[in-house]
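When we follow my numbering, the leftmost residue of the sequence shown carries the number 1, and every step to the right adds one. Quick reminder that beta carbons are idealized off the backbone N, C-alpha and C, glycines included. Model, not experiment: these values are computed from the prediction.
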Amino acid sequence: MIVAIVLYFGVMLAIGYYSWRRTKKYDEYVLGGRDLPPFVAGISAGASDMSGWLLMGLPGALFVTGMSELWIVIGLLIGTWANWKWVAPRLRSYSEVAGNSITLPSFFENRTRDTSRALRIAAAVIIIFFFTFYVSSGMVAGGKYYESTFGGDYVTGMLIVGAVTVIYTFVGGFLAVSYTDVVQGALMFLALLIVPVMALFTLDNPADIFSFAAENPYGPFPEPNTTYFNVFAGVSAVTIIGNLAWGLGYVGQPHIITRFMALRSPAEAASARRTGTFWVTLCYIGAILTALVGTVFFTQTGASVTDPSGETIFLDMARVLFHPLVAGIILTAVLAAIMSTMSSQLLITSSALIEDLYRVAGRRRPSGETLLLLSRAMVVLVALVAIALAVNPSDTILGLVGFAWAGFGAAFGPVVVASLYWKRLTAQGALAGMIVGALTVFIWGSVDSPLTELYEIVPGVILATAVMVAVSLATRPRPGVADEFDTALRVNSFAVSHPEATFAEALERNRGGSPSV
């Protein structure tokens, strides 16, 4: 198993080295020179999204609670498709039309022509705050992985996983993150299908997976869960709405929508959407099957579940089923899920610190070499802070992810949609909506009341949208915003309808005049 893990780490570091050889400029480090193929973009967006939650948090929740946890999956599937369909092509066009923006905060500023810098700074601060918790969730997953797989020390495992992730992100930047995502996505995909299918063949009666948990004690639980297969059991309408609302969060996740900005052309968003949606659908099926098979597997084999939360059932199942070398290769899928998300988040946070805070605060424009060096330094700094938070985790992996997901969804989601579809958006409206969304999530999640059973992303998005619209209507867009909005629409329409044209050609042929859509 150690041999398999070391080989995996070696491949990740080799990709980091290859990407380092191709990364010469600061904007290439941050956004890959906007040259990301659609297949890579589709898998990378999915892999960076899923994290350890896909192989640990989701199977664990389904294993312990039952099929009532499926509402999150439904919401996320809808959100994945809709994000690629309605956000990806327009954001790819508009982010380049609006001052060639290479980060989300810089896009907000350029889109609204905010001269106060307040919008960009606020967006960067929100990214740094919520991604610190998000990266911390990855560190927690890495520690639990090491504990369950090798019986080792939690902190040691966290440090090893964190160190390798930091090294290839530090060296190769956006290209390293994206191309390692493809390898990691393939590992996740294969493992989530192989492990539950092989476990299914070991059962006395495979059909038991559809009834066993409701009729028998299973895993560490002394009593049957009679409502295990009822998707409505134990969940109120408020909980169902909240779980479905996870899909709302997609449009505000910087580590996902940055892939849209890096595409070679808006026309390639359709191909990336098909790849990404297909990949994530099969991965969800594998995670669900892992939980279902696990209810019978651990009872019949007598194997133990390492973590009472159920978040290690995939690891425990693979370790029992396979020869250590094969198990090690399969279990690298969990590392892949953890590291693919952490690397994306480290890079986005580093970019926010340098591109959206340091450059804004600095009086003189630093050289590209200086920016590149500082970005790499920030990757290390953010990782160290996340490690400090994860040493004594106070929440589950799903809990940490849920908080950060809601924060980004409420703070950025309404502003992203309005930026792409509402010409009347102003800098003041975007700033007000962003702050209200972030604060609502933070306050809602901190208050203990019956109302707070509703996932905080729902009130966050509602209040952020209301405030954003009200303030925008009470203020005026800056000169040139409307014309640039029309230009972005024309460029996007031309690029999508003429996939053979380069984006530079689309820009050249569609400046000035009236929008075509």
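| Check | Outcome |
| --- | --- |
| Counterpart residues of Y218 in DSSP-defined beta bridges | F221 |
| Beta-bridge pairing of L190 - partner residues as DSSP gives them | The partner list for L190 (beta bridge, DSSP) is empty, contrary to what the question assumes. |
| V97 and S343 closer than 8 Å at C-beta | no |
| Unbroken alpha helix (DSSP H) run spanning G75, endpoints | 70 to 82 |
| Run of the alpha helix (DSSP H) containing K144, from where it starts to where it stops | 118 to 150 |
| N-terminal and C-terminal residue of the alpha helix (DSSP H) that R273 is part of | 269 to 301 |
| The region 430 to 441 in contact with the region 119 to 138 per 3-pair CB rule at 8 Å | yes |
| Stretch pair the region 235 to 243 + the region 8 to 21: three plus CB contacts closer than 8 Å | no |
| 8 Å contact criterion, which S602 and L325 should meet: CB distance rounded | Residue 602 lies beyond the residue range present for the chain, which begins at 1 and ends at 517; the question has no answer from this structure. |
| Status (buried if at least 16 other CB within 10 Å, exposed otherwise) for N83 | buried |
| Helix, strand or coil at L36 [DSSP, three-state] | strand |
| Beta-carbon spacing of Y145, A488 below 8 Å | no |
| Cβ neighbours of S271 in the same chain (closer than 8 Å, five flanking residues each side left out) | P38, F39, G42 |
| Option nearest L175 by Cα separation, candidates V30, L76, A291 | V30 |
| Where the alpha helix (DSSP H) containing E508 begins and where it ends | 503 to 509 |
| Inter-residue Cα distance where the pair is P308 and A267 | 47 Å |
| Rounded straight-line distance, which links the Cα of I102 to that of V517 | Legend: pLDDT at V517 = 38, less than 50; position of this residue unreliable, value from coordinates given subsequently. Each residue's alpha carbon lies about 25 Å from the other. |
| CA-to-CA distance, V164 to L582, given in whole angstroms | The requested residue 582 does not occur in the structure, where the chain is confined to residues 1 to 517. |
| Cα-Cα separation between W246 and F189, rounded to whole angstroms | 22 Å |
| Proximity of W249 and G413 at Cβ, strictly below 8 Å | In the sequence under discussion, the amino acid at residue 249 is Gly, which differs from the Trp named in the question. It is a contact, given that the beta carbons lie within the stated cut-off. |
| Contacts around G513, its chain only, beta-carbon distance under 6 Å, and the 5 residues preceding and following it disregarded | Low confidence applies to G513: its pLDDT is 44, below 50, so where it sits in the model is not reliable enough to give any reading. |
| Residue span of the alpha helix (DSSP H) that contains S95, given as start and end | 88 to 97 |
| Where L454 sits in the DSSP three-state scheme | coil |
| Span separating the alpha-carbon of V140 from that of Y17 | 27 Å |
| Straight-line Cα distance separating V73 from V197 | 20 Å |
| Distance between beta carbons of A287 and L192, contact taken as under 8 Å | 6 Å |
| Distance CB(L187)-CB(T332) smaller than 8 Å | yes |
| Secondary structure of L263, DSSP reduced to three states | strand |
| Rounded straight-line distance, which links the Cα of F442 to that of G46 | 26 Å |
| Selected residue, minimal CA-CA separation from R376, among I338, L263, D27, L292 | D27 |
| Beta-carbon gap between T299 and T306 smaller than 8 Å | no |
| C-alpha distance - V320 paired with A4, whole-angstrom precision | 16 Å |
| Three-way DSSP call (helix, strand, coil) for R21 in this model | helix |
| Among S350, G433, G302, nearest to V166 - alpha-carbon criterion | S350 |
| Start-to-end residues for the alpha helix (DSSP H) that takes in N210 | It is Phe, not Asn, that sits at residue 210 in the sequence shown. No alpha helix (DSSP H) holds F210; DSSP gives it neither H nor E. |
| Cβ neighbour criterion (16 or more within 10 Å) applied to V447 | exposed |
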